[in-house]
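Quick notes on the structure that follows.
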Amino acid sequence: MNKNEKFNHDLKMALDIARHAPSSHNCQPWCVNVTDSVPNIDSIKTTQNSRFVTVSFDESRMLTSLPSLTGEMYTSCGIFTELLTQALVFKGYQCEEHWIDNEGIILILHLLPTETVSNHAFEQLQATTLMRFTNRGPYEQTKVDTREYESLIENLNTKAIHSQLINNPTLISSIANLIEDYAGLDFSNKKVWQETYSFIRFNDNETAEDGFYMRNLFGPVSWAFKQAFKFISHPKNHMLSKIVGLPNYMAKGLAELVDSTPQLIVFTAKNKSNSSYWHLGKDLSKVWQKAQIQGLSFHPLSVLLQNETPRKKLKNILGNKEETLFIARLGTAQSPATRAPRRQVASILN
Numbered sequence: 036m037n038k039n040e041k042f043n044h045d046l047k048m049a050l051d052i053a054r055h056a057p058s059s060h061n062c063q064p065w066c067v068n069v070t071d072s073v074p075n076i077d078s079i080k081t082t083q084n085s086r087f088v089t090v091s092f093d094e095s096r097m098l099t100s101l102p103s104l105t106g107e108m109y110t111s112c113g114i115f116t117e118l119l120t121q122a123l124v125f126k127g128y129q130c131e132e133h134w135i136d137n138e139g140i141i142l143i144l145h146l147l148p149t150e151t152v153s154n155h156a157f158e159q160l161q162a163t164t165l166m167r168f169t170n171r172g173p174y175e176q177t178k179v180d181t182r183e184y185e186s187l188i189e190n191l192n193t194k195a196i197h198s199q200l201i202n203n204p205t206l207i208s209s210i211a212n213l214i215e216d217y218a219g220l221d222f223s224n225k226k227v228w229q230e231t232y233s234f235i236r237f238n239d240n241e242t243a244e245d246g247f248y249m250r251n252l253f254g255p256v257s258w259a260f261k262q263a264f265k266f267i268s269h270p271k272n273h274m275l276s277k278i279v280g281l282p283n284y285m286a287k288g289l290a291e292l293v294d295s296t297p298q299l300i301v302f303t304a305k306n307k308s309n310s311s312y313w314h315l316g317k318d319l320s321k322v323w324q325k326a327q328i329q330g331l332s333f334h335p336l337s338v339l340l341q342n343e344t345p346r347k348k349l350k351n352i353l354g355n356k357e358e359t360l361f362i363a364r365l366g367t368a369q370s371p372a373t374r375a376p377r378r379q380v381a382s383i384l385n
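Under this note's numbering, the first residue of the sequence shown is numbered 36, with each subsequent residue one higher.
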């Protein structure tokens, strides 16, 4: 195997891990290119062994129904890139990240081969990533103690991102009430729901590469439930779904889940810049891996952050001066989550 063949093989193996990164609606809005052409940036010092990889948005897969979803796209790609660079480091490459954020390119990875290869660390990362699922079901009442929480966030880039653990039942109930009052905004907004609906896969036996199966959203459900939900929730039946109260029903169900959750985890930053969301994603990748190792699950509550009114009210409830970029249920799931669809490496690497 020559140098080019080895690099291509290592990159594909790293992508086989990174492709399991979580993303909003499991839309997986990333693409990767190997390139010889790089911008004239002083910080990029090339050598004869230099390799360059760009991480960009796949615009056809991005969520666009709300302006706030742009931040979620950067967070998703941040998680993806952190997994990619971790895997490449374990495969024996020095990785330098150069932030671009221009013309669809988010960043350039400058890769240099090293003599340090850790197959064991690579296999551990692979195992942890493959076992990580978003669990939207009920959680046990076990609370995360201070030691566990500090272990989760010990690698946080505190210059950019800060975290907060919410385990006060009164605060959690206030946030649950906020969800009941405002989550229906997304469910009743036709444009937003049309985008969400396009990512629901109603046939659990059909191979898909993105989105979520019904079992990922509701757990095991009957054929009759699937068909009823598929019909009533269809964007063409938007008025019918309002008449039967589907948006309120879904908001209430999510609120009840939150109210019964022992703790929530929150991540904040000084601003809502693309860079802040990107750094959040990189940190979330590490926190989510540690949570998986500790037997803990995450369930993001993006509905609180996608519209300004609930976002502002949440900020007041939490008493935060910074911008809330991410909030999630955190705990030990009562039942294991199920695997969601995934893109293949060939679909990601251009």
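Note that beta-carbon positions come from the ideal geometry of N, C-alpha and C, so glycine has one too.
Coil, strand or helix - residue i by DSSP
| i | result |
| --- | --- |
| K159 | Per the sequence shown, residue 159 should be read as Gln rather than Lys. Looking at Q159 - three-state DSSP - the assignment turns out to be helix. |
| I201 | strand |
| N68 | strand |
| F302 | strand |
| R377 | coil |
| P282 | helix |
| I52 | helix |
| V90 | strand |
| L252 | helix |
| H269 | coil |
| P335 | strand |
| G316 | helix |
| L220 | helix |
| I362 | strand |
| L292 | helix |
| F237 | coil |
| L384 | strand |
| A326 | helix |
| A13 | Residue 13 lies beyond the range of the chain shown here (36 to 385); nothing can be said about it. |
| F264 | helix |
| F247 | strand |
Beta-carbon spacing of residue i, residue j below 8 Å
| i | j | result |
| --- | --- | --- |
| H133 | S78 | yes |
| Q121 | L160 | yes |
| T303 | N355 | yes |
| F234 | M285 | no |
| G316 | T169 | no |
| L10 | S103 | It is not possible to answer for residue 10, since the shown part of the chain is limited to 36 through 385. |
| L142 | C130 | no |
| E343 | K305 | no |
| N61 | P376 | yes |
| V67 | T89 | yes |
| L118 | T151 | no |
| S332 | Y174 | yes |
| N137 | G219 | no |
| A162 | F115 | no |
| N203 | P297 | no |
| E215 | K287 | yes |
| R378 | E244 | yes |
| Q327 | R167 | yes |
| K38 | L384 | no |
Top-ranked residue by Cα proximity to residue i, from the options
| i | options | result |
| --- | --- | --- |
| P64 | N240, R250, L289 and H55 | H55 |
| Q401 | N43, D45, A49 and L101 | Residue 401 lies beyond the residue range present for the chain, which begins at 36 and ends at 385; the question has no answer from this structure. |
| I210 | H197, L292 and M48 | L292 |
| D71 | P173, R86 and Q129 | R86 |
| D45 | N137, F157 and E131 | F157 |
| F266 | D245, F253 and Y232 | Y232 |
| P371 | N190, R182 and P255 | P255 |
| Y128 | S153, F115 and F264 | S153 |
| H197 | R374, I362 and R378 | I362 |
| L206 | N309, D51 and I300 | I300 |
| I76 | G113, F115, S58 and I135 | I135 |
| L191 | H314, R364, R378 and A381 | H314 |
| V69 | A259, T181, W258 and I140 | I140 |
| A195 | L353, A49, K307 and V73 | K307 |
| A171 | R374, A381 and E244 | Looking at the sequence shown, residue 171 is not Ala but Arg. The shortest C-alpha separation from R171 is found at R374. |
| F125 | F264, R167, L365 and L50 | L50 |
| T193 | K38, L319 and W323 | L319 |
| Y217 | Q379, I383, P345 and V380 | P345 |
| D180 | L384, I383, L365 and V380 | L365 |
| V322 | G113, E241, K261 and A263 | G113 |
Sequence-distant residues of the same chain with beta carbon closer than 7 Å to residue i, five excluded per side
| i | result |
| --- | --- |
| K348 | L213 |
| D239 | Y248, M249 and R250 |
| G246 | H60, N61, F234, I235, R236 and P376 |
| K225 | P270 and H273 |
| N84 | L147 and P148 |
| S337 | S59 and E107 |
| D93 | P64, W65 and C66 |
| N309 | Y109 and D136 |
Heavy atom of the ligand GTP within 7 Å of residue i beta-carbon
| i | result |
| --- | --- |
| F87 | Absent from the structure shown: the ligand GTP. Ligands present: none. |
Same chain, Cβ closer than 6 Å to residue i, neighbours up to 5 away in sequence not counted
| i | result |
| --- | --- |
| T177 | T367 |
| D294 | S208 and A211 |
Spatial neighbours of residue i in its chain, beta-carbon cut-off 8 Å, leaving aside the 5 residues before and after
| i | result |
| --- | --- |
| S186 | K325 and Q329 |
| L353 | Q199, I201, L206, V301 and T359 |
| L252 | R171 and I235 |
Quiz item: Which runs of the beta strand (DSSP E) fall wholly inside the region 116-166 and span at least 3 residues, in chain order?
Solution: Complete beta strand (DSSP E) runs here, min 3: 128-137 and 140-148.
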